[in-house]
Amino acid sequence: GDSVTQMEGPVTLSEEAFLTINCTYTATGYPSLFWYVQYPGEGLQLLLKATKADDKGSNKGFEATYRKETTSFHLEKGSVQVSDSAVYFCALSSSSNTGKLIFGQGTTLQVKP
Amino acid sequence: EAEVAQSPRYKITEKSQAVAFWCDPISGHATLYWYRQILGQGPELLVQFQDESVVDDSQLPKDRFSAERLKGVDSTLKIQPAELGDSAMYLCASSPPGGGTGGLYEQFFGPGTRLTVL
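Residue numbers (our numbering), protein chains in the order written: chain A, 1 to 113; chain B, 114 to 231.
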């Protein structure tokens, strides 16, 4: 079945460092891919999305490119801020096309001043 | 900006008691999802509604969990009896008709209900 695998955390960076959070997926067909962010005690917020191969999603300085050949959707940001500290979830829309999302286990990012 | 509303935000109960969670999706969103998020893991779908009909409840423990969306608007998720292993965050999400822009099925999440079973 469909699945998403993320790099384990926590990831600890200094402010202004470069961020990469790896995400790979297994799916039949061509799912849409998403990154969600969850701040402490809150629900999930959509960060960015991509619908087809080579699409690049971007928002708030974060980017991710849909790589079909490597089945990956790695999240990157050139310069992180303390306010980026949160849990990041990679997700795909399931092949059933019902809209169900399959999430990775989440990666905690801690940014220190 | 329209948001998904959930209540209560926090619930503490003893095992074997009954609990209920409420969700009000964004107006006009036909699809409603309930997810369970265990601490340190990603959310997992419990049940999905299209209007008032259940689309997917394959992961819902039906011996103790029930969900309804009687008028196709707001929804209630119930657990009876609660067990220690039910402690988790319960998230509600909704998406526009037809999956929204480009059929992306972008989902909008509420703040969640944090359940603690003692």
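Every residue gets a Cβ at the ideal spot worked out from N, C-alpha and C, and that includes glycine.
CB contact check: residue i to chain B, cutoff 8 angstroms
i, result
"L46 (chain A)", "yes"
"F127 (chain A)", "Chain A is shown from 1 up to 113; residue 127 (chain A) falls before or after that span and cannot be answered."
"L101 (chain A)", "yes"
"T29 (chain A)", "The sequence given here places Gly at residue 29 (chain A); Thr does not occur at that position. Chain B contact via Cβ: absent."
"Q110 (chain A)", "no"
"E42 (chain A)", "yes"
"F89 (chain A)", "yes"
"T98 (chain A)", "yes"
"K49 (chain A)", "yes"
"G104 (chain A)", "yes"
6 angstroms Cβ shell around residue i - same chain, five flanking residues per side excluded
i, result
"E165 (chain B)", "R182 and G185"
"T108 (chain A)", "G9, P10 and V87"
Outcome for residue i when other beta-carbon atoms lying within 10 angstroms are tallied against a minimum of 16
i, result
"R122 (chain B)", "exposed"
"F18 (chain A)", "exposed"
"G57 (chain A)", "buried"
"K60 (chain A)", "exposed"
"D176 (chain B)", "exposed"
"G141 (chain B)", "exposed"
"S79 (chain A)", "exposed"
"Y39 (chain A)", "exposed"
Close beta carbons around residue i, own chain, < 8 angstroms, minus the five adjacent residues each side
i, result
"E127 (chain B)", "A195, V230 and L231"
Residue of the options minimising C-alpha distance to residue i
i, options, result
"E114 (chain B)", "B:I139, B:W135 and B:V132", "B:I139"
"T51 (chain A)", "A:Q38, A:Q45, A:G29 and A:K60", "A:G29"
"E42 (chain A)", "A:F103, A:G104 and A:Y88", "A:Y88"
"T5 (chain A)", "A:A17, A:A27, A:Q45 and A:F18", "A:A27"
"I151 (chain B)", "A:F103, A:V82, A:P113 and A:V111", "A:F103"
"D199 (chain B)", "B:A206, B:L190 and B:S207", "B:L190"
"M7 (chain A)", "A:K112, A:P113, A:K100 and A:Q105", "A:Q105"
"V168 (chain B)", "B:L197, B:E219 and B:A143", "B:A143"
"Y148 (chain B)", "A:K100, A:S83, A:G78 and A:Q110", "A:K100"
"E116 (chain B)", "B:Q130, B:L145 and B:L228", "B:L145"
"P31 (chain A)", "A:L46, A:Q38, A:L13 and A:Y66", "A:Y66"
"F221 (chain B)", "B:R227, B:L158 and B:P209", "B:P209"
"G155 (chain B)", "A:C90, A:V111, A:T98 and A:K112", "A:C90"
"I125 (chain B)", "B:W135, B:S171, B:L197 and B:D170", "B:L197"
"Q81 (chain A)", "A:P113, A:S93 and A:L92", "A:P113"
Close beta carbons around residue i, own chain, < 7 angstroms, minus the five adjacent residues each side
i, result
"G225 (chain B)", "Q119, M202, Y203 and L204"
"S85 (chain A)", "L109, Q110 and V111"
Segment limits, beta strand (DSSP E) that includes residue i
i, result
"Q110 (chain A)", "T107 to K112"
"Y88 (chain A)", "A86 to S93"
"D137 (chain B)", "V132 to D137"
"G57 (chain A)", "K56 to N59"
"L228 (chain B)", "T226 to V230"
"A64 (chain A)", "F62 to T65"
C-beta neighbour in chain A for residue i, strict 8 angstroms
i, result
"D233 (chain B)", "Chain B is shown from 114 up to 231; residue 233 (chain B) falls before or after that span and cannot be answered."
"V168 (chain B)", "yes"
"G158 (chain B)", "Going by the sequence as given, residue 158 (chain B) is Leu instead of Gly. Chain A, which has a Cβ nearer than 8 angstroms to the Cβ of L158 (chain B), makes this yes."
"T144 (chain B)", "yes"
"G223 (chain B)", "yes"
"S208 (chain B)", "yes"
"P219 (chain B)", "In the sequence on display, residue 219 (chain B) carries Glu and not Pro. It does: the Cβ of E219 (chain B) has a partner Cβ on chain A nearer than 8 angstroms."
"G198 (chain B)", "no"
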